[in-house]
Amino acid sequence: MTSHSTPLLEVQGLVKHFPLKKDLLGRGGGVVRAVDGVSFALQKGETLGVVGESGCGKSTTARLLMHLIEPDRGDIVFDARAVGGRELGLKDYRRQVQMVFQDSYASLNPRLTIEDSIAFAPQVHGTPHAEAVARARDLLARVGLAPQRFAERYPHELSGGQRQRVNIARALALQPRIIILDEAVSALDKSVEAQVLNLLLDLKDEFGLTYVFISHDLNVVRYISDRVMVMYLGQVVEIGESEALFESPRHPYTKALLSSIPSMDPDHRTEKPALAGDPPNPINPPSGCRFHTRCERAEGVCSQRVPTLVGGTAGHPVACLMYEAGSGHSAAERAAA
Amino acid sequence: MSEAFVDIQNLTVTFTGGRKPVRAVGGVDLQVQRGEVVALIGESGSGKSVTLRSLLRLHPPKRTQMGGQLRVAGQDVLKMSSSQLADYRGKVTSMIFQEPLLALDPVYTVGAQIVESIRRHENVSAEAAQKRALELFERVRIPSPERRLAAYPHEMSGGMRQRAMIALALACKPQLLLADEPTTALDATVQIQILLLLRELQREMGLSVIFVTHDIGAALEVADRIAVMYAGRIVEVGSARALIREPRHPYTLALLKSRAHGALAKGARLETIGGAPPDLSALPPGCAFAERCSFANEGCRQTAPEVVMLAPDHGARCLRTDATAAEKVPVA
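Here the protein sequences come in this chain order: Z and A.
Here my numbering is used: the first residue of the first sequence is 3, the next is one more, and so on.
Here my numbering is used: the first residue of the second sequence is 4, the next is one more, and so on.
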C-alpha cells in the first residue's frame, strides 16, 4: 500500500441517518443508521472492494461518495481538496467520480439512443455536440459495441450485458478518475459477467482509473480488488489487502462471511452455517460492538464497549475488542500477557 | 425396472404468443428418483425455469404448446384435467420461488395462507390446520413462530420470508419440491442457511427436489446430480462430483472456467465464452452451441448431437467428447 502518498479520495467520519416517518398514531419515528462513521482512503489506481450483507450501508456509502445524497456529517476530500465547498464544487467533483449501477435498464433513459445517453453528460459540461457524439462512438467501440451497429439503438434493444457496457461507456464519457461500481455485474449471467470484468480490468489500465467495487459476490470481489473493506450495520469492521483479508481474516464477522462461500466440493459440503439469522435492523443497532448479537466470540464487554478500527503490527485494521489492548476481552488479555 | 418418480421424456415447450413461436424447451429428458436432488443449471434463457414450471403446468395454456411426456408419481401431468391439476398442485408437487414477496399474497397473514392451503387439500378443522402451520414454522426454524404466523409478508426479512415460503410449500406434505432460484435474492450468509435447511428437510421428509439455479456453487452444496441446460436442452448431466471434476461438454467447461474464484492469479483475465446464445425462434440445424464452441468442427454445425454416455450416470450431448477429455478445470 502506498501510504506515504496523498490518497486520491479520503473519507472521514461519514454519517447518514434516515429519519423514519411516524404513523397516524404518532408511533414509530426513529432513525435508520445507514452509515455511521465510515472513514477510509482510496489510493490512486487501486480497486477497493466493499462487501457486507444487505443493509450494511454499502450502497448508501456509494451514494454519499457521489453526493447523490447529502451526508449528515463527515468530509470527503478529493485530491487534497474538500468536496462540496469552495475548494471543489459538486459539478467539478462529479466530472471526476462516476458511478455504474446494478440495474442496467433503469439507469438509462429509455427515450435516448445509447449514443445520446453517452454524449449527454459531456454536453452538460460544455463539450460541443459533434465532439461529444464522436467521443461517445469512440467509447462504444472501446467497450466492445461496434458503433455502426449499436449507436442508434435504444436501451430496450440491447441485452443486459450490452446495456451494462453502455453504462460503463457513459461513466467514462467525462474522463473521470474514479468509477464507483455498485453491484454492476451482479445481475449478469456468469459468462457475461466474466466479459464485463475483463473489460473493467482493460479500461482501468488504459485510462488509469481507480475503482470502488461494491458487490455481494465474494469470489468476484477477491478477484478484482486490491484492498477489501468489510462493512457491518453502517460501520467498517475490517479493511485490508485483498489476499491478506481472504487468507487470514481477523474480524469474526469477516470469518463468518467468508465461510458462507459455497465449498465447490461435493465431498466436503458446508455442514453448519457460520451465522444464524438475518442481520439485525439498522434502526436500533445493538449496543457496544454491533456484531456481538451474532458473534460466537462475544463476551460481556462486547455489549458495552464500542470497538475502534485499529491497525496494529499484526496485520490490517480491524474493529474488534479481541484485538484491542486493554479492552477487557479475554483474547486481548491473552495477547497482552 | 420401476419407473422413476419424475419421468420427463422429450419435453418440448413452445410459446406462441409473440410474432414468431419461441421454442423455449426443445426435447428435455430427465429422470428423478424418489428422495433424489437434481439441480438444473444454465444461464438466462436456457429453459431451466420453463422446464421446472412445466412440472406444475404453470404456463398460460392458450399461448403455450407442450409436447412429449411428463409423469410424476405415475400420473401424466400433461393430460390432467383442471380439477385433477388443482389436487396435484401443492399435494404431490409444490414449488418455491425466487422472490417470496411476489409469490406470497400481501393481504393475508402468512399463517392464513398456510391454513388455507392445508384445508384445500385435507379435511381438517381450522384449529388443526393452525397447529400444523405452527409446527411447520418451527421446522423451518423461524424464531418466535406464533408471532410470525400472524405477520404479513412485508413485515418479514428476506431470509425469513423464504423460510415462510418453504413452510407453505411443505404444508401438504408433497413428494416433489421444485425450487426456482430460491437463494438468488439472498445474502451469502442467509443463502447458506437456506441451502442447509433445504438439504435437511429433504433428508427428513424423503423429498425429491428439482432445484433451478445459475450458481454452480449453490448447486454443488445440495444436489446429488446436476443437469446443465443450454438453448432449451440438457447438454450434460451427471453426478455433482463427475460434473465438477470431469466436465465433458464444452459449454460446461466454459461455464466453469469463466467463474472468478480464489485460485486465480491477480490480474489474470477470466476465460469468456464469445458470442451470444442462439435465437430460440431460429435455432441452427446442428449443435446449438457450435457457434461459440472452441472444439466445434464442420460436423457440429450439420448434425444435432445425441447424448453420449461417458459413465453409467454421466452423459453429454456433444460430438467431440473425445477432444474435451483432456481438459482440466481448476476449482476452488
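Glycine included, C-beta positions come from ideal geometry on N, C-alpha and C.
*To which residues of the same chain is Gln-194 of chain A closer than 6 Å at the C-beta, ignoring the five residues directly before and after it?*
Residues Thr-186 of the same chain have their beta carbon placed closer than 6 Å to that of Gln-194 of chain A, with the five preceding and five following residues left out of the count.
*For Ala-285 of chain A, return the contacting residues in chain Z, with the cut-off set at a CB-CB distance below 9 Å.*
Near Ala-285 of chain A there are no residues of chain Z at all, since even the closest Cβ is about 16 Å away, more than 9 Å.
*So, does the CB of Asp-190 of chain A fall closer than 7 Å to a CB anywhere in chain Z?*
Asp-190 of chain A has a beta carbon lying within less than 7 Å of a beta carbon in chain Z.
*Exposed or buried, what is Lys-60 of chain Z when buried is set at 16 or more other beta-carbons lying within 10 Å of its beta-carbon?*
Residue environment analysis places Lys-60 of chain Z among the buried positions, since at least 16 neighbouring C-beta atoms fall within 10 angstroms of its C-beta.
_What would DSSP say about Gln-252 of chain A, mapped onto helix, strand or coil?_
What sits at residue 252 of chain A in the sequence shown is His, not Gln. His-252 of chain A: coil per DSSP, three-state reduction.
_Leu-256 of chain A to Ser-211 of chain A span [Cα, whole Å]_ = The alpha-carbon atoms of Leu-256 of chain A and Ser-211 of chain A are separated by roughly 27 Å.
*Rounded to whole angstroms, what's the CA-CA distance from Glu-207 of chain A to Phe-209 of chain Z? Just pull it up for me.*
Approximately 56 Å, taken between the alpha carbons.
_Interface partners of Leu-199 of chain Z on chain A, CB under 8 Å_ = Correct list: Ala-263 and Leu-273.
_For Pro-124 of chain Z, the first and last residue of its enclosing beta strand (DSSP E)_ = No beta strand (DSSP E) holds Pro-124 of chain Z; the alpha helix (DSSP H) holding it covers 116–126.
_Quick test of the definition: if touching needs 3 or more C-beta pairs under 8 Å, does the segment 317–336 of chain Z touch the segment 11–21 of chain A?_
No contact exists between the segment 317–336 of chain Z and the segment 11–21 of chain A.
*How about the segment 236–254 of chain A and the segment 312–330 of chain A: do they share at least three Cβ pairs that are nearer than 8 Å?*
Contact check between the segment 236–254 of chain A and the segment 312–330 of chain A: three or more CB pairs, one atom from each, fall below 8 Å, which counts as touching.
*With 7 Å as the threshold, decide whether the Cβ of Gln-196 of chain A is near any Cβ in chain Z.*
So yes, Gln-196 of chain A belongs to the interface.
*Is there contact between the segment 138–146 of chain Z and the segment 166–173 of chain Z, where contact requires at least three CB pairs shorter than 8 Å?*
Cβ pair count under 8 Å is three or more, so yes.
*Partner residues on chain A for Ile-263 of chain Z, Cβ-Cβ distance less than 9 Å*: Correct list: Ala-191, Ile-195, Gly-220 and Gly-265.
_Residue-chain proximity (Ser-217 of chain Z, chain A), Cβ-Cβ < 7 Å_ = Chain A, which has no Cβ nearer than 7 Å to the Cβ of Ser-217 of chain Z, makes this no.
_In whole angstroms, give me the CA-to-CA distance for Arg-123 of chain A and Ala-136 of chain A._
Cα to Cα, Arg-123 of chain A sits roughly 14 Å from Ala-136 of chain A.
*Express the C-alpha separation of Val-320 of chain Z and Thr-310 of chain Z in angstroms, rounding to a whole number.*
Those two C-alpha atoms are separated by around 8 Å.
*asked:* Quick check: the Cα distance between Tyr-325 of chain Z and Gly-236 of chain Z, rounded to an integer number of angstroms?
replied: Between the alpha carbons of Tyr-325 of chain Z and Gly-236 of chain Z lies a gap of roughly 20 Å.
*Output, in chain order, the set of chain Z residues within a Cβ distance shorter than 8 Å of Arg-244 of chain A.*
Neighbours of Arg-244 of chain A on chain Z, chain order: Pro-268 and Asp-269.
*Can you tell me whether DSSP reads Leu-27 of chain Z as helix, strand or coil?*
Here Leu-27 of chain Z sits in coil by DSSP.
*Buried or exposed for Ser-193 of chain Z, please, with buried defined as at least 16 other CB atoms from any protein chain shown within 10 angstroms of its CB.*
So Ser-193 of chain Z counts as buried.
*List the residues of chain A that Pro-275 of chain Z touches, going by C-beta distances under 7 Å, in chain order.*
Listed along chain A, the residues sitting closer than 7 Å to Pro-275 of chain Z by beta-carbon distance are Ile-195, Gln-196 and Leu-199.
_chain A contact for Ala-196 of chain Z (CB, 7 Å cutoff)_ = With 7 Å as the cut-off, Ala-196 of chain Z counts as an interface residue toward chain A.
*Which residues, taken in chain order from the segment 20–52 of chain A, show a beta carbon closer than 7 Å to some beta carbon of chain Z?*
Answer set for the segment 20–52 of chain A: Glu-46 and Ser-47.
*Could you give the distance in angstroms between the alpha-carbon of Arg-83 of chain Z and the alpha-carbon of Glu-12 of chain Z?*
Rounded to whole angstroms, Arg-83 of chain Z to Glu-12 of chain Z spans 10 Å at the Cα level.
*Listed in chain order, which residues of the segment 129–150 of chain Z have Cβ atoms closer than 8 Å to some Cβ of chain A?*
For the segment 129–150 of chain Z, which is checked against every Cβ of chain A, not one residue is closer than 8 Å.
*Return no unless some Cβ of chain A is closer than 7 Å to the Cβ of Leu-22 of chain Z.*
Not an interface residue.
*Exposed or buried, which one is Ala-319 of chain A when buried takes at least 16 other CB atoms within 10 Å?*
Buried, since its Cβ has 16 or more Cβ neighbours within 10 Å.
*Are at least three pairs of beta-carbons, each pair with one atom in the segment 181–199 of chain Z and one in the segment 216–228 of chain Z, less than 8 Å apart?*
Because the criterion of three Cβ pairs below 8 Å is met, the segment 181–199 of chain Z and the segment 216–228 of chain Z touch.
*For the alpha helix (DSSP H) that contains Thr-186 of chain A, what are its first and last residues?*
Note, Thr-186 of chain A: premise wrong, no alpha helix (DSSP H); not H, not E.
*Interface flag, Thr-272 of chain Z vs chain A, CB-CB below 7 Å*: Yes, its Cβ sits closer than 7 Å to a Cβ of chain A.
_Using the Cβ count rule (16 or more neighbours within 10 Å means buried), how would you classify Thr-4 of chain Z?_
Summary for Thr-4 of chain Z: the model assigns pLDDT 43, below 50, so the residue's position carries little reliability, and this model does not support an answer.
_Three-state secondary structure (DSSP) of Pro-178 of chain Z_ = Reduced to three states, the DSSP call for Pro-178 of chain Z is coil.
*Pair within 7 Å by beta-carbon distance, Ala-42 of chain A and Phe-214 of chain A*: Against a cut-off of 7 Å, the Cβ pair of Phe-214 of chain A and Ala-42 of chain A comes out as a contact.
*Give the secondary structure of Ala-276 of chain Z by DSSP, where H, G and I count as helix, E and B as strand, and everything else as coil.*
Taken through DSSP and simplified to helix, strand or coil, Ala-276 of chain Z comes out as coil.
*Got a sec? Which residues, its chain only, sit under 8 Å from Thr-8 of chain Z by beta carbon, not counting five neighbours each side?*
A distance below 8 Å between beta-carbons, with the five flanking residues on each side excluded, links Thr-8 of chain Z to the following residues of its chain, in chain order: Asp-81 and Ala-82.
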